[in-house]
Amino acid sequence: MWPLTSLFSADPLPAVEGDRVYLRVPQSSDFAQWRDLRASSRAFLTPWEPLWPADDLTRAAFSRRLRRYARDMLADHAYPMFVFRSADHALLGGLTLSNVRRGVCQAASLGYWMGERFAGKGHMRAALAALLPVAHERLQLRRIEAACMPTNAPSIHLLERSGFVREGYSREYLCINGVWEDHLLFARLRRDPIICAGLGEAASRAAQ
-8 MWPLTSLFSA
2 DPLPAVEGDR
12 VYLRVPQSSD
22 FAQWRDLRAS
32 SRAFLTPWEP
42 LWPADDLTRA
52 AFSRRLRRYA
62 RDMLADHAYP
72 MFVFRSADHA
82 LLGGLTLSNV
92 RRGVCQAASL
102 GYWMGERFAG
112 KGHMRAALAA
122 LLPVAHERLQ
132 LRRIEAACMP
142 TNAPSIHLLE
152 RSGFVREGYS
162 REYLCINGVW
172 EDHLLFARLR
182 RDPIICAGLG
192 EAASRAAQ
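Each step along the sequence shown adds one to the number in our numbering, with nothing skipped, and position 155 is 146.
Dropping the structure here:
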């Protein structure tokens, strides 16, 4: 587990550096960027996410979200990270390692989202390349699992390019946008090779 300090303190957790991006735990000062990016990307994200609460983009809801994040990290249940562009600190999207299971499992589930105007430029692939060594080595997670809908070709491409192996198909796996949707199941083991984010401009642009 990371040596946690308060999410609301002036001493933030160290960032995870990647190729053109960095990741860090969400802070209260991120609210305006997060709200604006989510609002402008709503139509883009809606087909792939659970239904948004009516007050989802309010400051009160964001504060509740941060408190939940803090509880989850302290309990070693989940690790949320925002993705920022290194050049100008623009918020690009987010990643979460959730449903952490210890004991004989040592696994977690990966979720991610990217703002519409930043999608398709390789940012999420770079973020995953930075996060995976932290997940496997620092958090001691042996297995990272991910799921995506069969119609989400960019997400499938992202996972495969990031070293995830397709393992199965689960019917009505998650309720997405109010509908129970089938999902493809992927996983990456600690012993699997890390695939570098910088494999060429064309490959980077194809990743979500």
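Heads up, the beta-carbon is just placed ideally off N, CA and C, and yes, glycines get one too.
Secondary structure of Ala120 (DSSP, three-state): helix. Around the C-beta of Trp104, 16 or more other C-beta atoms lie within 10 Å, and the residue is accordingly described as buried. In this structure, DSSP gives Met115 a helical state, which the three-state scheme calls helix.
Residue burial is scored here from C-beta neighbours: Cys96 has fewer than 16 other C-beta atoms within 10 angstroms and is therefore classed as exposed. Counted as a single uninterrupted DSSP element, the beta strand (DSSP E) harbouring Arg162 occupies residues 156 to 167. Annotated as proximal: Ala138 and Phe177, with beta-carbon spacing under 8 Å.
If the five residues before and after Arg162 are omitted, its C-beta is found closer than 7 Å to the C-beta atoms of Asp173, all from its own chain and listed in chain order.
Annotated three-state conformation of Val125 is helix, per DSSP. Asp21 has its alpha-carbon roughly 14 Å from the corresponding atom of Arg58. Within 10 angstroms of the beta-carbon of His127 lie 16 or more other beta-carbons, which makes it buried.
Note on Pro17: 16 or more other CB atoms within 10 angstroms of its CB, so buried under the neighbour-count rule.
Cα atoms of Ile147 and Ser153: separation of roughly 10 Å, rounded to the nearest angstrom. Here His80 carries a coil assignment [DSSP, helix/strand/coil].
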